[in-house]
Structure formats: C-alpha cells, structure tokens
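**Q** Dropping the structure in here first, questions after.
In the working numbering, the protein residues as written are 1 to 130.
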C-alpha cells in the first residue's frame, strides 16, 4: 500500500513539473502597471535563444518626441536565460543602455530591473496583455 502511494505521488509530481515549466512563457505583449506603454517580448538572436522586447505602443496622451523615437525598437535585448523564468540582458532607459534582468514570477507577471552605477535604478512590474 505504501509503495502504491509513493508511486502515485511520484507520478503526480512528474506530471505536474512540465506543466509548471510550460506556463512560464515570456513571449507576448506586456504593459507596466501605469498602462502607458506596451512591449512585445519575443525570442531573438542568431539562434533564437535570447529574449528581446520592443516598444510597440504608447498611450496617446503620453506620446512626445522623447519617447516616440523608441517605438518599434528593442528596449530589452540580447537577454540570455540564466535560470528558468530569469533573463539577463541590455535595457534601454531614457536613451541609456544598462544591464538589466527580467524575472517572470508567474504566467501573467514579470519584473524588469535595471541600474546605472547602482544609483539610478528602475524596478518595473509588467503584466501580460496578450
């Protein structure tokens, strides 16, 4: 009886593991909490094993010359996966290229973090739109 229980639990855990890994897909359209912009996350790079995000939309009343020049350009690029749900690459903020990370905490939430000289830092929560 105990052996059946162990086999049942082992089978359950093995069946659940791939489902959890599959739900953490970073590709799609994401927006920050303020809902002023949207980003298309895709796989990129020569081998398609890097993560990139292009700015694809800006809220109409927030558009100006400073931010519209970044429309349809990568704001997060060349990110390599360092562990499941965690990517490290280059972030463009206010025209500066910074080292940054994206961490997907669940299927619909990610956090983007970037710092310049440990002084100017951004921590942006992104929510899945599509």
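For every residue, glycine included, the Cβ atom is placed at its ideal position computed from N, Cα and C.
None of the values given here were measured: they were computed from a predicted structure.
Do residue 125 and residue 33 have their C-beta atoms within less than 7 Å of each other?
**A** Residue mapping note: residue 125 aligns to position 125 of the chain shown, counting from 1. Residue mapping note: residue 33 aligns to position 33 of the chain shown, counting from 1. Contact: yes.
**Q** Just checking my contact of residue 101 with residue 86 at CB under 8 Å: how many whole Å lie between their CB atoms?
**A** Your numbering for residue 101 matches position 101 in the chain shown. Your numbering for residue 86 matches position 86 in the chain shown. That pair is a contact at about 7 Å.
**Q** Look up residue 130 in the DSSP assignment and say whether it is helix, strand or coil.
**A** Here residue 130 corresponds to residue number 130 of the chain shown, with the count starting at 1. Three-state result, residue 130: coil.
**Q** Measure the CB-CB distance between residue 72 and residue 89 and report whether it falls below 7 Å.
**A** In the chain shown, counting from the first residue as 1, residue 72 sits at position 72. In the chain shown, counting from the first residue as 1, residue 89 sits at position 89. Not in contact: residue 72 and residue 89 (Cβ atoms no closer than 7 Å).
**Q** For residue 91 versus residue 29, is the C-beta spacing smaller than 7 Å?
**A** As a working note, residue 91 is residue 91 in the chain shown. As a working note, residue 29 is residue 29 in the chain shown. Not a contact, by the Cβ cut-off of 7 Å.
**Q** Could you pull out every residue in the same chain whose Cβ sits closer than 8 Å to the Cβ of residue 54, ignoring the five residues on either side in sequence?
**A** For this step, residue 54 is matched to residue 54 along the chain shown. Within the same chain, residue 54 has close Cβ partners 39, 40, 42, 72, 73, 74, 75.
**Q** Span of the alpha helix (DSSP H) holding residue 67?
**A** As a first step, residue 67 is located in the chain shown; it is residue number 67 there, counting from the start. Run containing residue 67: 65–68, per the alpha helix (DSSP H) assignment.
**Q** Residue 61 by DSSP, collapsed to three states: which one?
**A** Within the chain shown, numbered from 1, the residue matching residue 61 stands at position 61. Residue state, collapsed to three classes: helix.
**Q** Can you give me the start and stop residues for the beta strand (DSSP E) that residue 119 sits inside?
**A** The residue you call residue 119 lines up with position 119 of the chain shown. Counting along the chain, residue 119 falls outside any beta strand (DSSP E), and DSSP gives it neither H nor E.
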